[in-house]
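Peer 1: Residue numbers (the working numbering), protein chains in the order written: chain A, 1 to 175; chain B, 1001 to 1175; chain C, 2001 to 2175; chain D, 3001 to 3175. Ideal placement from N, C-alpha and C gives every residue a C-beta, glycine not left out.
There are 4 protein chains.
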Amino acid sequence: MSETETSAGWLTREQLRDARERLPIVYVSVVPVRVDERGVVTTIGLLLRASSEGTINRELVSGRVLYHERIRDSLIRHVEKDLGPLSMPRIPLSPQPFTVAEYFPTPGVTPFHDPRQHAVSLAYVVPVEGDCAPQQDALEFSWFSPDEVREPTVLAELANGQSALLLQALAHLAV
Amino acid sequence: MSETETSAGWLTREQLRDARERLPIVYVSVVPVRVDERGVVTTIGLLLRASSEGTINRELVSGRVLYHERIRDSLIRHVEKDLGPLSMPRIPLSPQPFTVAEYFPTPGVTPFHDPRQHAVSLAYVVPVEGDCAPQQDALEFSWFSPDEVREPTVLAELANGQSALLLQALAHLAV
Amino acid sequence: MSETETSAGWLTREQLRDARERLPIVYVSVVPVRVDERGVVTTIGLLLRASSEGTINRELVSGRVLYHERIRDSLIRHVEKDLGPLSMPRIPLSPQPFTVAEYFPTPGVTPFHDPRQHAVSLAYVVPVEGDCAPQQDALEFSWFSPDEVREPTVLAELANGQSALLLQALAHLAV
Amino acid sequence: MSETETSAGWLTREQLRDARERLPIVYVSVVPVRVDERGVVTTIGLLLRASSEGTINRELVSGRVLYHERIRDSLIRHVEKDLGPLSMPRIPLSPQPFTVAEYFPTPGVTPFHDPRQHAVSLAYVVPVEGDCAPQQDALEFSWFSPDEVREPTVLAELANGQSALLLQALAHLAV
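1) Any beta carbon of chain D sitting closer than 8 Å to that of Ile44/A?
2) Return the residue from the list Glu102/A, Leu165/A and Gly130/A that minimises the CA-CA distance to Ile25/A.
3) Can you tell me the Cα-Cα spacing of Leu3139/D and Leu1086/B, whole angstroms?
4) What does a CB cutoff of less than 6 Å around Asp36/A pick up in its chain, not counting 5 residues either side in sequence?
5) Quick one: any contact between the region 2116-2130 of chain C and the region 2080-2095 of chain C, if contact means 3 or more CB pairs under 8 Å?
6) Taking all protein chains shown into account, decide if Ile1076/B is buried (16 or more other Cβ within 10 angstroms of its Cβ) or exposed.
7) In chain order, what residues of the same chain lie with their CB nearer than 6 Å to the CB of Leu155/A, ignoring the 5 residues before and after it?
8) Quick check on Val3065/D: does DSSP put it in helix, strand or coil?
9) Which whole-angstrom value describes the C-beta separation of Val3120/D and Val65/A, a residue pair presumed to lie in contact below a C-beta threshold of 8 Å?
10) Examine chain C for any beta-carbon lying closer than 8 Å to the beta-carbon of His3068/D, and answer yes or no.
11) Only counting the same chain, and skipping five residues up and downstream in sequence, which positions put a Cβ closer than 8 Å to that of Thr2110/C?
12) Hey, quick one: how far does the alpha helix (DSSP H) through Pro1152/B stretch, first residue to last?
13) Is any beta-carbon of chain A found at less than 8 Å from that of Glu3157/D?
14) Out of curiosity, what's the CA-to-CA distance linking Gln3117/D and Glu3021/D?
15) Quick test of your reading: Ser1094/B and Ala174/A, contact by CB under 8 Å. State the CB separation rounded to the nearest angstrom.
16) The region 3019-3050 of chain D: which residues have C-beta closer than 9 Å to a C-beta of chain C, in chain order?
17) Bridge partners for Val2120/C per DSSP, in chain order?
18) Span of the beta strand (DSSP E) holding Ala3138/D?
19) Please state the DSSP three-state secondary structure of Leu3046/D.
20) Taking beta-carbon pairs under 8 Å, can you tell me which members of the region 3065-3098 of chain D lie near chain A?
21) Out of Leu3170/D, Pro3107/D and Pro3134/D, which one is the CA nearest neighbour of Glu3148/D?
22) Can you have a look at Pro3092/D and say buried or exposed, based on whether 16 or more other CB atoms are within 10 angstroms of its CB?
23) Could you tell me whether any Cβ in chain B is nearer than 8 Å to the Cβ of Ala3119/D?
24) Keeping to the same chain, check which residues put their C-beta closer than 6 Å to that of Gln168/A; ignore five residues upstream and five downstream.
25) Could you compute how far the alpha carbon of Val2028/C sits from the alpha carbon of Arg2058/C?
26) Show which residues of chain B have a CB atom less than 7 Å away from the CB atom of Glu2102/C.
27) Look up Arg2128/C in the DSSP assignment and say whether it is helix, strand or coil.
28) Assign Gln2096/C to one of two classes, buried (16 or more other C-beta atoms within 10 Å of its C-beta) or exposed (fewer than that).
29) Which class does Glu59/A belong to by DSSP, given the choice of helix, strand or coil?
30) Any C-beta of chain C sitting closer than 8 Å to the C-beta of Ala3174/D?
31) Apply the 10 Å Cβ neighbour rule to Arg2049/C and answer buried if 16 or more other Cβ atoms are within range, or exposed otherwise.
32) Quick one: which chain C residues come within Cβ less than 7 Å of Gln168/A?
33) What did DSSP end up calling Glu2014/C once you bin it into helix, strand or coil?
34) Are the C-beta of Leu1165/B and some C-beta of chain C separated by less than 8 Å?
35) Return the bridge partner residues of Leu2158/C from the DSSP annotation.
36) Among the residues of its own chain, which have a CB less than 7 Å from the CB of Glu2157/C, if the five just before and after it don't count?
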């Protein structure tokens, strides 16, 4: 999970670091998909990013919900931040996420791990209808068929338990 | 619930009547909506139809799932049958319905009642993006804001418990 | 999926066979589980049964919803029929299934296949708190941990796509 | 929403107040229910509490998720804190909430309002099987049938939009 909106969150970098040691942080996770006219998910999109530890990982779109920000606005912001202003996300109608991923700073409590913080991430599948391009520090954004994305080699490129979240999304979509 | 696709179901009218006295019938119910670019439901669409008993009722889109028909294909077929071929429904990605309405031939078993049959109806919210017009025997198709559609006078125009289903959809959508 | 309640369905065996060639049949699928006091699923139960073709398969609990039968009553009936009258199922509060499995008589339309019929199966996870024992024609009923049940050798013993349904349940449960 | 676990949250009262002005806070909301053996919700429980402004309100069980606390452990803690150590909550198997309520410090952004903070509350229906008694500062804990709890006089006693959340729960439960 990348975190670049520190300043917009009305927190100094230091204040955010302090809060992260004391409070669970609200996140959204997005599985970006392309769908056909019958609503069938045809491809799933993953970012490729170099982590601060120097490894290269695939990633879902995700990020922090800001103070006084609606969840649906946070979904739009993070999709457009990661996939570009022309990505045209179709935001879910209902606030009900398909799951909630609990990222713990301690590995092993759940399948999800985030060394920086305890994050409670509301997960949604979001069709994107426009042009998607990797933004900022992302190296690449690629589409995979459901079968391709389930390949062990692809799943292994997702860090911090995001492969579990992706498999949960595929199960929810029944693809 | 209207039922006009008897012939397409590879059943004579008589065979369908017989089956309806002996088996629960698989249905889909659709709450057609318009949404804004943030995914917020702005209006809900209801059909106006004269029933066979001579009353005039508001109705959701609904109908029978045919033999060898996928649920998503049934959703497309019923929306296009009732709202026209240009209605452009956006079919849900997941097969999970927001609820299941059990219509019983005996009133009072559930909020849902269908004198003709025991129907098990999978209910979905379906955004329509195109032009909608009442088809066949429908008198009218009208859009209501969430507040308007909750008016007791509007809810009272929905027969057979469909007002309960509509309220469940609004609750699911949190509007 | 076993089918033994023909007589109780107010259909002769012949009438049911006829209906199955013409109408989708309403089913329920149950993933029986044991849970701990924190609501965490600890084990998943699978039946072992000899099929009519002479193969031996693992199976979820499932069966037909009868005419004029509520879904929740059908869930109780099928769990007690397959796991015994002392199994004490805790029926879900909401009618919303975690998924809907569409079994087609033609293989390959969906992951789910039932040579006898087109079945639309509403799938629920059902904790059982009492004593479970295989009934009737079942050879065995066994509990598996989430990790054990995901073993390819166990998944391969589930026929007709039930392994896909089981994996969807595990994803929904986040175990 | 009451907030009494400040000290357990590894935050001084001042630090928590600061965080609340800068970050959305993770909450859980619980609709406590009694169910019959068929899984039908028979009654819904509401707390009666005097607010700091001197009004007397009905309330759902709710509270903050602590740093390094699992959602399911937070659900247990808040139910036992509000309904007593013998209340025996049956925690949901899946992390998927039936809805997410976004409480804003500014009234009118959503139906939910919390003057103290921006809270993102994951909402669950939780059957309680044991003895429930109001704890701490609560005046009363009472059971209502679904019809009783929908009475305008009862709904009016719920503050900060919790009546909307309760109605969403009833819709999800189809009672």
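Peer 2: Concretely, from the data shown:
1) Here residue 44/A is taken as the residue at index 44 of the first sequence, counted from 1. Nearest CB-CB separation between Ile44/A and chain D: not below the 8 Å threshold.
2) Residue mapping note: residue 25/A aligns to position 25 of the first sequence, counting from 1. Answer by Cα proximity: Glu102/A.
3) Looking up residue 3139/D in the fourth sequence gives position 139. Looking up residue 1086/B in the second sequence gives position 86. If I take the Cα positions, the gap works out to 58 Å.
4) For the purposes of this step, residue 36/A is taken as residue 36 along the first sequence, with counting starting at 1. Thr42.
5) Touching, yes, given that three or more Cβ pairs across the two stretches are closer than 8 Å.
6) Looking up residue 1076/B in the second sequence gives position 76. Buried, by the Cβ-count rule.
7) Along the first sequence, one-based indexing puts residue 155/A at 155. Here the set comprises Ser163.
8) Reading the fourth sequence from its first residue, position 65 is the one you call residue 3065/D. Three-state DSSP puts Val3065/D in coil, outside helix and strand.
9) Working through the fourth sequence from its first residue, we reach residue 3120/D at position 120. Working through the first sequence from its first residue, we reach residue 65/A at position 65. Val3120/D to Val65/A, Cβ: 7 Å. Contact.
10) The sequence position of residue 3068/D within the fourth sequence is 68, counting from 1. Chain C contact via Cβ: absent.
11) Along the third sequence, one-based indexing puts residue 2110/C at 110. For Thr2110/C, same chain residues with a beta-carbon under 8 Å away, outside a window of 5 residues either side, are Ala2101, Glu2102, Tyr2103, Phe2104 and Gly2161 in chain order.
12) Start at 1 with the first residue of the second sequence, and residue 1152/B comes out as number 152. Residues Pro1152 to Leu1155.
13) Working through the fourth sequence from its first residue, we reach residue 3157/D at position 157. So, not an interface residue.
14) Taking the first residue of the fourth sequence as position 1, residue 3117/D is located at position 117. Taking the first residue of the fourth sequence as position 1, residue 3021/D is located at position 21. Their backbone Cα atoms lie some 7 Å apart in a straight line.
15) If you number the second sequence from 1, residue 1094/B lands on position 94. If you number the first sequence from 1, residue 174/A lands on position 174. Indeed, because the Cβ distance is near 7 Å, the residues count as touching under 8 Å.
16) Val3033, Val3035, Glu3037, Arg3038, Gly3039, Val3040 and Val3041
17) For the purposes of this step, residue 2120/C is identified with residue 120 of the third sequence, where counting begins at 1. Answer by DSSP bridge pairing, in chain order: Val2026/C and Glu2102/C.
18) If you number the fourth sequence from 1, residue 3138/D lands on position 138. Here the beta strand (DSSP E) through Ala3138/D covers Ala3138 to Phe3144.
19) Numbered from 1 along the fourth sequence, position 46 holds the residue referred to as residue 3046/D. Three-state result, Leu3046/D: strand.
20) Val3065, Leu3066, Tyr3067, His3068, Glu3069, Arg3070, Ile3071, Ser3094, Pro3095, Gln3096, Pro3097 and Phe3098
21) As a working mapping, residue 3148/D is identified with position 148 in the fourth sequence. Nearest option by C-alpha distance: Leu3170/D.
22) Here residue 3092/D refers to the residue found at position 92 when the fourth sequence is read from its first residue. By the neighbour-count rule (16 or more Cβ atoms within 10 Å), Pro3092/D is buried.
23) Counting from one through the fourth sequence, the residue named residue 3119/D turns up at place 119. It does not; no Cβ of chain B falls within 8 Å.
24) Locating residue 168/A in the first sequence gives position 168, counting from the first residue. Within the same chain, and ignoring the five residues on either side of Gln168/A in sequence, the residues whose Cβ sits closer than 6 Å to its Cβ are Thr99.
25) The residue given as residue 2028/C occupies position 28 in the third sequence. The residue given as residue 2058/C occupies position 58 in the third sequence. Going by the C-alpha atoms only, they are around 17 Å apart.
26) Reading the third sequence from its first residue, position 102 is the one you call residue 2102/C. Near Glu2102/C (Cβ distances below 7 Å), the residues of chain B are Arg1070 and Ile1071.
27) Translated into positions along the third sequence, residue 2128/C becomes position 128. The amino acid at residue 2128/C is misidentified as Arg; the sequence shows Val. The answer is strand: DSSP assigns Val2128/C an E or B state.
28) Here residue 2096/C refers to the residue found at position 96 when the third sequence is read from its first residue. Counting Cβ neighbours within 10 Å, Gln2096/C comes out buried, since at least 16 surround it.
29) Counted from its first residue, the first sequence places residue 59/A at position 59. Correct three-state label for Glu59/A: strand.
30) On the fourth sequence, residue 3174/D is found 174 positions in, with the first residue counted as 1. Interface annotation, Ala3174/D: in contact with chain C, CB-CB separation under 8 Å.
31) On the third sequence, position 49 is the one that residue 2049/C refers to. Buried, since its Cβ has 16 or more Cβ neighbours within 10 Å.
32) Working through the first sequence from its first residue, we reach residue 168/A at position 168. Going along chain C in sequence order, the residues near Gln168/A (Cβ under 7 Å) are Ala2171 and Ala2174.
33) Within the third sequence, numbered from 1, the residue matching residue 2014/C stands at position 14. Of the three classes helix, strand and coil, the one that applies to Glu2014/C here is helix, per DSSP.
34) Against the second sequence, residue 1165/B aligns to sequence position 165. So, not an interface residue.
35) Numbered from its first residue, the third sequence carries residue 2158/C at position 158. Per the DSSP secondary-structure output, Leu2158/C pairs in a beta bridge with Arg2058/C.
36) For this step, residue 2157/C is matched to residue 157 along the third sequence. For Glu2157/C, where only same-chain residues beyond five positions count, the Cβ hits under 7 Å are Asn2057 and Arg2058.
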